[in-house]
Amino acid sequence: MPAKGATPRFDVVISGASFAGLALGCGLSQALGPTFTIAVIDRTARPGTTATPDARSSALSASSKRMLKVLGVWSLLENEAQPISSIEITDTSLDAGVRPVLLTYDNVTEAEEPATFIVPNSALYRALRAAVDRTHSVALIAPAEALDFDSSETGVRVRLSKGRELAASLLVAADGRHSALREAAGIKVVGWSYPQIGIVTTVRHERPHGACAVQHFLPSGPFAILPLKGNRACITWTEDAREAKRILALDDPGFLAEVEKRFGGKLGAVTLDGPRQSWPLEMHLARRYVGRRFALIGDAAHGVHPLAGQGLNLAFRDVAALVEVVTEAVRLGFDPGDAQALDRYERWRRFDSAVSAATFDGLNRLFASDVTLLRSTRELGLGLLDRMPMLKRFFVGEAAGLTGELPRLLKGKAV
Ligand SMILES: Cc1cc2nc3c(=O)[nH]c(=O)nc-3n(C[C@H](O)[C@H](O)[C@H](O)COP(=O)(O)OP(=O)(O)OC[C@H]3O[C@@H](n4cnc5c(N)ncnc54)[C@H](O)[C@@H]3O)c2cc1C
């Protein structure tokens, strides 16, 4: 314990106790043991449990699941995770009477495991939080807002609201898309806002979903039906911003009618089973992922269009890579903020997230268009893809997060 009045010192301070920050705390503490001290701070008093709980559910890839399993988080979450065994893709206008399925594929990896699991964000948060709470070397400090920091050859000092300070060897910003610490570090972002809003709600439907996720590409954006446990599904729906505002202002029957229009009749009658929430959508990519004794992870480093459900999976890739490089440095006798280790982290992660951000941006532009020529080309492309099992397997591997140079945690191996 620091002397009274002295600045508390940790090996690593993580700002942001959401998905990326909590997972990093678990990963570092598991790899480096009880003497390695970690603080995870958050500006909200009870992070993840705000007055309006997160209504989203996330599509977690098989590799993210493997990491959560190694960290002892998956067993706390498993009962609420719905495996997805197949995916259907359609591409029609909103008023089309018939919605032919253009592409359908089995969503299982070569190891016969589901490539994707749908997990309510609230359950994921609870599981990560429970895992951190039982880890004595991780201190959760909240509410505490990180304002800025100074780093030197010997360490980093983080200034918090109310005049408090923390000292560390490494500072990690996991403080989301508007990262205050990224700004304090002078790291610029490239990116843009989409003229679209993400609408999320949960519905109950009459007939079983059969573990099949559906992606309807509509001209104003994709409408995804993500199966949950029971006859329920999370809707993640991208809509033109002006139309979204109109829809969000409707009363429940009016809102449900809009959902039904897009949902299709295959699963029988649909009722609302949760609140509706909305998010402005944007793409951003930090120009650098590291500074002196400083690293960015998760949405603080990158934000992608949600159409492929990959933002959180990219965040977990950051976590797994950072745990690996920091652990290797510490085991070799270097300190956790070692510059070479951080450079390796940046090389590992920045290119991969830049490619993902550009791919999802391109897909959004390609599908969010009603130009007849584009529509026909898409239909032809998806129809051809449907007849190419090798290519479909490639896409399943991508969705499962099993391609590229994987950190050990994403292979399901402890560091
Ligand atoms: C509509 C929608 C649907 C999505 N669906 C999926 C999906 O299916 N699959 C998927 O992989 N991804 C999905 N995503 C993306 C995913 O939700 C994000 O990538 C993920 O939440 C990022 O987590 P994070 O921990 O990096 O940041 P956040 O969850 O934003 O957490 C940041 C934390 O930092 C705290 N904080 C902020 N500033 C400070 C400060 N100054 N000091 C201290 N604490 C601070 C906040 O209180 C918060 O707790 C979706 C996104 C949207 C918008």
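Our numbering applies: residue 1219 is where the sequence shown begins, and numbers increase by one.
Here a beta-carbon is modelled for each residue, glycine too, at the ideal position from N, C-alpha and C.
Please read these numbers as outputs of a predicted model, since none were measured by experiment.
With a 10 Å radius around its C-beta and 16 neighbouring C-beta atoms as the bar for buried, classify ASN1297 as buried or exposed.
exposed
In its own chain, which residues sit with a C-beta less than 8 Å from the C-beta of ASN1325, not counting the 5 before and 5 after it? ILE1302, SER1303, SER1304, ILE1305, PRO1332, ALA1333, THR1334, ALA1431, VAL1614 and ALA1617
Does the Cβ of ILE1232 lie closer than 7 Å to at least one heavy atom of ligand 1? no
Practice item. Write down every uninterrupted run of the beta strand (DSSP E) in the region 1405-1451 whose length is 3 residues or greater and which is fully enclosed by it, in chain order. Key: 1407-1423, 1430-1436 and 1439-1446
Q.
For PRO1498, which residues in the same chain have their Cβ closer than 7 Å to its Cβ, ignoring the five residues on either side in sequence?
A. SER1411 and ILE1415
> So is the beta-carbon of GLY1527 under 7 Å away from any non-hydrogen atom of ligand 1?
Replying inline: GLY1527: yes, Cβ under 7 Å from ligand 1.
| message | Please tell me whether, using a cut-off of 7 Å, the distance from the CB of PHE1473 to the nearest non-hydrogen atom of ligand 1 is below it. | response | no
Quiz prompt | Cα-Cα separation, SER1379 to PHE1367 | solution = 12 Å
Do the region 1245-1258 and the region 1348-1364 meet, that is, are 3 or more Cβ pairs less than 8 Å apart?
-> yes
Q: Just confirm the distance between the C-beta atoms of ALA1634 and ARG1567, as a whole number of angstroms; I'd bet it's less than 8 Å.
A: Shown here, the chain extends from 1219 to 1633; a query on residue 1634 therefore has no answer.
Compute the distance between the beta-carbons of LEU1514 and ARG1400, then report whether it is under 8 Å. yes
- Task: Check whether the Cβ of ASN1531 lies closer than 7 Å to any heavy atom of ligand 1, and answer yes or no.
- Result: yes
Proximity below 8 Å, CB of PRO1524 to CB of THR1454:
yes
Q. Looking at C-alpha atoms only, which residue of GLN1558, GLY1630 and GLY1527 is the closest neighbour of VAL1508?
A. The residue with the shortest Cα to Cα distance from VAL1508 is GLN1558.
* With a threshold of 7 Å, establish whether the CB of ILE1454 neighbours any heavy atom of ligand 1. => Reading off the sequence shown, one finds Thr at residue 1454, where the question assumed Ile. Checking the Cβ of THR1454 against ligand 1 gives yes.
SER1303 Cβ short of 7 Å to ligand 1 heavy atom set: no
Note to self: Using only CA atoms, which one of ILE1417, SER1340 and VAL1541 lies nearest to ARG1480?
What the structure shows: ILE1417
GLY1439 versus THR1577, ASP1553 and ASP1309, residue with shortest Cα-Cα distance
ASP1309
Review point. Cβ of GLU1363 versus every heavy atom of ligand 1: is any distance shorter than 7 Å?
Key: yes
- Task: Evaluate the contact criterion for the region 1390-1409 versus the region 1221-1234: three or more CB pairs, one atom per stretch, below 8 Å.
- Result: yes
I need the DSSP call for ASP1458, collapsed to helix, strand or coil. strand
Requested in this report: Can you have a look at LEU1240 and say buried or exposed, based on whether 16 or more other CB atoms are within 10 angstroms of its CB?
Outcome: buried
Compute the minimum distance between the beta carbon of PHE1237 and the heavy atoms of ligand 3, and state whether it is under 7 Å. For ligand 3, the structure offers nothing, since it holds only ligand 1.
Backbone secondary structure at THR1577 - three-state DSSP:
It is helical.
Next item on the list: Return the CA-CA distance between PRO1413 and ALA1459, expressed in angstroms with no decimal places.
Entry: 6 Å
What residues are listed by DSSP as bridge partners for ILE1232? VAL1258 and VAL1390, per the DSSP bridge assignment.
Notebook entry, point to check: What is the rounded straight-line gap between the Cα of GLY1492 and the Cα of ALA1462?
Noted result: 18 Å
* To do: Indicate the three-state DSSP secondary structure (helix, strand or coil) for ILE1465 in the structure shown.
  => When secondary structure is reduced to three states using DSSP, ILE1465 falls in the helix class.
* Asked: Is the beta carbon of THR1621 within less than 7 Å of some heavy atom of ligand 1?
  -> no
Task: Residue ranges of each alpha helix (DSSP H) within the region 1336-1378, 4 or longer - done: 1339-1351
- [ ] Counting only runs of 3+ residues fully inside the region 1486-1529, write out the beta strand (DSSP E) ranges in chain order.
- [x] 1488-1490, 1495-1504 and 1512-1514
- prompt: What first and last residue would you give for the alpha helix (DSSP H) that runs through ALA1241?
  reply: 1237-1250
Discussion item. My output table needs one value for VAL1291: the three-state DSSP class, helix, strand or coil.
Written reply: The three-state reading of DSSP puts VAL1291 in coil, since its state is none of H, G, I, E or B.
Q | Backbone CA spacing between GLU1623 and ARG1450 [nearest angstrom] | A | 35 Å
task: Quick one: grab the DSSP three-state call for ALA1632.
output: For ALA1632, the secondary structure class from DSSP, reduced to helix, strand or coil, is coil.
Which class does SER1640 belong to by DSSP, given the choice of helix, strand or coil? Shown here, the chain extends from 1219 to 1633; a query on residue 1640 therefore has no answer.
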